[in-house]
Amino acid sequence: MSAKTISLFDRDILRQAIADSFTKLNPRLQLKNPVMFVTLVGSLLTFEQLFSSREPFHYVLQVAFWLLFTVVFANFAEAVAEGRGKAQARALRSTRKQLVARRRTRSGGFEPVDASQLRKGDVVSVVAGEVIPGDGDVIEGAASVDESAITGESAPVIREAGGDRCAVTGGTTVLSDSLVIRITADPGEGFLDHMISLVEGATRQKTPNEIALTILLSALTVIFLLVIIALKPFGIYAGVPFSITTLIALLVCLIPTTIGGLLSAIGIAGMDRLLQRNVLAMSGRAVEAAGDIDVLLLDKTGTITLGNRQATEFIAAPGVKAELLADAAQLASLADETPEGRSIVVLAKEKFNIRARELSPPHAFVPFTAQTRMSGIDLGERMIRKGAAANVRAWVEGRGGSWPPEVSEAVDQVARGGGTPLVVADDGLVLGVVHLKDVVKGGIKERFAQLRAMGIKTVMITGDNPLTAAAIAAEAGVDDFLAQATPEMKLARIREEQASGHLVAMTGDGTNDAPALAQADVGVAMNTGTQAAKEAGNMVDLDSNPTKLLEIVEIGKQMLITRGALTTFSIANDVAKYFAIIPAMLVGVFPAIAPLNIMHLASPLSAILSAVIFNALVIIALIPLALKGVAYRPVGAAAMLQRNLLLYGVGGVLIPFVGIKLIDVLINLAHLV
Amino acid sequence: MNNPNAWLQLALYAGALLLITKPLGLYLVRVLDPRGRTGLERVVRPIERATYRLCGIDPEREQSWIGYTSAMLMFSLVGLVFTYLILRFQDRLPLNPQHLPALNPHLAFDTAASFTTNTNWQFYGGEATMSYFSQMVALTLHNWTSAAVGIGIAAALVRGIARQTAKTIGNFWCDLVRVSYYLLAPVCLVFALFLVSQGMIENFKPYTVAKTLEPYTIQVPKTDDKGQAVAGADGKPVMLDQKIDTQTIVQGPMASQVAIKMLGTNGGGYVNANAAHPFENPTPLSNFLQMLSIFAIPSALTYYLGRMVGNQRHGWAVWSAMFLMFLAGVLVAWKFEAAGNPIHQGLGVAAADGNMEGKEVRFGIFNSALFATITTDASCGAVNSMHDSFTPIGGLVPLFNIETGEVIFGGVGAGLYGMLIFVVLAVFIAGLMVGRTPEYLGKKIEAYDVKLVMLVLIVLAATILGFTAWASVSAWGAAAVANSGPHGFAEILYAFSSAVGNNGSAFAGLSGNEAHWDTTMGLAMLIGRFLMIVPILALAGNLASKKLVPPSAGTFQTEGLTFVALLVGTVLLVGALTFLPALAIGPIVEHYLMRAGTLF
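If you're matching them up, the sequences are chains A and B in order. The numbering used here puts the last residue of the first sequence at 679; the count rises by one with no breaks. The numbering used here puts the last residue of the second sequence at 668; the count rises by one with no breaks.
Quick look at the structure:
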């Protein structure tokens, strides 16, 4: 996806957003957001006052316009947030051309049909150069497929029948060979369609916390409505004729327009930020849940370790030179294309500068088989083997060689440390042990320490035996591990954590991961995974990178913090607005109250107008913050709360004093009132 | 304020309050547990058992929030009707040596509502209206039960917070009985005896008529046989001299009532002058202990909270927030009362130490300011000085205290459950800022909880502002106001704030006891009590049913300085944002006008 290249404030997006902010003025749309609806109604009532108010025409007009702008600015924020998603949706749609698929008929032949005619269960054939007409599973053949339309990743991937790499997505292109595919989604329900509607925000629903927050904001609006309505009779009693314009101005300043206007933009931006990292969240709810996660189930391979065991040490048998061991091991591994085998060649070069060499015939490589559990090389009569200790021992002893007890010791020691021992023998002679080790990714330990400070527990999932698992867990600094894990154990573990109140996130790709993905509060399916896994999870990582889970949690948290920070800021702002407007409302009848005008605003009218303008402009000023999210640092809750309370609570009280004063100076300079 | 004695008294008060909080809180834990051992079982247990048997109560069977609420509402309704009937038929009931007549329907309604709701607003003077029977049975009954109900509800809410995936929040009847028998009765018994030792009266004698030391003469209108004023030739009433040389001195069972009036934060005075009267507050020591008894249970309940939820630091954080707001109130009220009235000072008629208008000389500036702050922080409403006569800002403090929702220690039980509403609100708003959806002590705060919390706040604001707005522009409203201008407005605002906050103290300038006032005030009190309690019990039920999220380093912390500051900020901000415009038109304008030379 070309997502990464679209800037947040791309010119096209802005142009579209400006247009949208006016079309969104439709009262029926505004009704969904009570705070902005009240503002809109207030603006309209103020326009109506133009012709009946005794206040200066230009003053009422300006108030009315700024109130309208308040709504427009809020619309603009939402439109900008939606803009990038819409642009991406357009790009995705463009890949969706009129396709002709070759559908298998009952007789076994193939007939051309329009792709939109394909139904679940249909079987189609796709050859190199063609676009796959719909989501499905490969049932015959293997091919390399370009999935860049979805993932943005240009390197092709292999798709083949059977196993966990059988799922293909409509809209991707077959580069070589051919596939026979069983379609698994009806038209309009495929992954690409789903993705388009997600990035477009068409199916966006309010998340539980958004609903709760909307209730809070609506209730605050009701309270302030009551305050303002009661002010009219209070004024009659006190002999102060409050004008409708002033009362509406005060009302809009008090109701939480800032957060009310930015709330949906924050939610959309949260999903968008995930999308920037190539993670597709199926709902806003999932993003919100990500913030709450306190247990991470992480697959060892690929997340915690580099994915493959690597040779790290040559432990020579007594009386054998380490260099000899390295030389034999390298010879035995030259044809071994497994990562382990290659790592032995690399280590031999690093340690002893033994280079890869051309072997003169006669020689024959002996591949690894499940029976022998050894691999190696035959150089004429000379036979070199490497493999598991027990098998090599049997082989050596069968050839009349002896097994030194020191080798057994070395083997045990390597196993205890979580490594895999590989014994190398040259004919009847045991040369020593190669230490294969899972290499923990750099920086992962620090990452886990940060997570712990944030209150998130990490659990490593691995198929290794408990001994190996414990050693790696200790090295990586995870809090807990699940050894010899089966999908059932994974599921049980998730249920167990949830029962004790935790929220759990995990990644998975295989079909047997599907139940666990569905059970987890945040289940991130790898895009390379099976269709079943993708459907079970509530997020899909298009890059298929399990480490993403950490970023997903951070993005969830960042979105929640942004929401809380702007709510706090919005409510705290009201203090200064009172100090601007209340003296202005009363000073005409009670001149003695002038000292309460602590900002020394020039006149009652300019004071009220300044507050209204500030209230509108602050929305615009906060759009970047709402879209990018507040600065986030992985620290504990206490430190985070303290910092954010100071910044957005105390700051929220103080900033508007400055802002309103500044605007008051400006509008008096410009003689606007 | 440079009065070392006053600072010492403040320190003493704070120290004593701090000292009793933990032991009384621990005692509450035992009282509010049906199986708790209080040490009084030998004497009380048989009576408790007999009560359960007589009323068919199974104290071990807990109720859902709906069951608890229904029982509470039914009990309160019966009490309301019971009191109404006694007041209406007081003239035919015993223990009425002064032969006082029955109350009219609206005053009886207002008074019944007032005592049922733990408000104790009085549109009457006790000594001139209530028989001993009415005082002891109709009114004191509620002094006990409304306090016990409040404590029970606070306990139910705390249980809701502490429990997980539970369906019940306690047994209303059991709470009511145990609080009355194990807490209120023994403490009041000792406290009443102590008050008697200080010189408070406790008897059934008719009022004493005594010769005054200095006879004086006043002018009264001449009346005919029917009691109508007689007009002279010029149309004005004919005035006659009347010599005053006797006075009526009140008698009756006072100490027994005053003990529960203070401890149960009721506040309804036995006599009109309330705790300013020498009988109702005889000595500095009685004054000190009465003030302490107002805060005693509300303060101890914060300890109960901490103990029950297994986080004592949270209990102390709530206590600290309350204490800080209390301290700020005292200091502001004291400062402005001590500064006095600049106009009086200009005329050379001011008392040396500040604004002494409406204050009892025995108590002086500081103890009046302290008492006024305490009685309005807690929804007690007893007074030892007239809040109406405070300086504008001095009077704004009690008014604002009430308008915070009576959560600065607050009424017994009511203070804690009111404060917990703000705790939930604070947690919901600020909780997001730690990057998790809000949770309070492991309970997720979701849409339904927010709905209930905001319902409470809307009801409070709507009732106070609505009735004040109505009264301020209606003939019946204006007729009752003694003072003009912003001060008159403050009297109306104070009355409805006091009613909704279930406080009961008044800006004395207001003369109610008229059908509109009695009815609106009665309604305001009922709304302020029950429309607050029902959502709170619903919240208790909802919280009880939730799962508990285990705490971690990422959990929002409901303890420590940050949380205290957040809670104080939330209470003040909500109060200020709701009532600032009204306060501006009342005391704030009055303050600036006073400085400019105008009084009302």
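Note that CB positions come from ideal geometry on N, CA and C, so glycine has one too. As the structure is a computational prediction, the values presented were derived from the model and not from experiment.
- Legend: CB atoms of the segment 501-523 of chain B lying less than 9 angstroms from CB atoms of chain A belong to residues M501, V502, G503, R504, T505, P506, E507, G510, K512, I513, E514, A515, Y516, D517, V518, K519, V521, M522 and L523.
- Distances from the CA of W402(B) to each of V377(B), I433(B), Q380(B) and L360(B) were compared; the closest alpha carbon is that of I433(B).
- Listed along the chain, the chain B residues whose CB falls inside 8 angstroms of the CB of F240(A) are T536, A537, S540, F557, P649, A650 and I653.
- In the structure shown, the three-state DSSP call for A574(B) is coil.
- Between K614(B) and K519(B) a beta carbon distance of about 15 angstroms is seen, past the 8 angstroms cut, so the two are scored as non-contacting.
- Within the segment 404-465 of chain A, the complete beta strand (DSSP E) segments at least 3 residues long are 426-432 and 435-446, listed from N- to C-terminus.
- Interface annotation, Y660(B): in contact with chain A, CB-CB separation under 9 angstroms.
- Within the DSSP secondary-structure output, V664(A) pairs in no beta bridge.
- The shortest C-alpha to C-alpha distance from I532(B) to any of Y516(B), E559(B), A567(B) and M522(B) is the one to A567(B).
- At a C-beta separation below 8 angstroms, R663(B) has these neighbours in chain A: A598.
- Identification of residues in the segment 634-645 of chain B having a C-beta nearer than 8 angstroms to some C-beta of chain A yields L634, G637, L641, A644 and L645, given in sequence order.
- Considering only L312(A), M277(A), Q282(A) and D305(A), the residue with the shortest C-alpha distance to A295(A) is M277(A).
- Interface flag for I229(B) against chain A is unset, since no Cβ pair is found closer than 9 angstroms.
- If you look at G397(B), you'll find it in the alpha helix (DSSP H) that goes Q380 to A407.
- Residue contact check for K615(B) against chain A: a CB pair falls below 9 angstroms.
- For the segment 569-583 of chain A, the residues whose beta carbon sits under 9 angstroms from a beta carbon of chain B are, in order, R569, G570, A571, T573, T574, I577, A578, D580 and V581.
- Fewer than three beta-carbon pairs drawn from the segment 252-260 of chain A and the segment 278-295 of chain A are found closer than 8 angstroms, and the two stretches are therefore not classed as touching.
- Taking 9 angstroms as the CB threshold, T666(B) lines the interface with chain A.
- Excluding its 5 nearest sequence neighbours in each direction, V495(B) has C-beta neighbours in its own chain below 8 angstroms: P506, E507, Y508, I513, F624 and T626, listed in chain order.
- Bounds of any beta strand (DSSP E) do not take in F431(B), whose DSSP letter is neither H nor E.
- Using a Cβ-Cβ distance cut-off of 8 angstroms, the segment 328-340 of chain B and the segment 292-304 of chain B are not in contact, since fewer than three pairs of beta carbons, one from each stretch, lie closer than that value.
- Of the other Cβ atoms in all chains shown, fewer than 16 fall within 10 Å of the Cβ of L145(B); this residue is therefore exposed.
- Between L168(B) and M198(B), the gap from beta carbon to beta carbon is short of 9 angstroms.
- Contact with chain B is absent for R453(A), since none of that chain's Cβ atoms lies less than 9 angstroms from the residue's Cβ.
- The C-beta of I604(A) has fewer than 16 other C-beta atoms within 10 Å across all chains shown, which makes the residue exposed.
- Shortest Cα-Cα distance from F598(B) to any of I125(B), A389(B) and A139(B) involves A139(B).
- Beta-bridge annotation (DSSP): M512(A) is paired with L303(A) and G529(A).
- In the DSSP annotation of this structure, the continuous segment of the beta strand (DSSP E) that includes Y284(B) starts and ends at T276 to P289.
- At a cut-off of 9 angstroms between beta carbons, G499(B) contacts chain A.
- Taking a beta-carbon distance threshold of 9 angstroms, P662(A) does not count as an interface residue toward chain B.
- By the rule that beta-carbons nearer than 9 angstroms mark a contact, Q625(B) touches chain A.
- For V339(B), the nearest beta carbon of chain A is not closer than 9 angstroms to its own beta carbon.
- Out of S565(B), L484(B), I653(B) and A652(B), the CA that lies nearest to the CA of G220(B) is found in L484(B).
- When the beta-carbon positions are compared, V445(A) and L312(A) come within less than 9 angstroms of each other.
- Closer than 9 angstroms to the CB of I558(A) there is not a single CB belonging to chain B.
- In the DSSP assignment, Y508(B) forms a beta bridge with K511(B).
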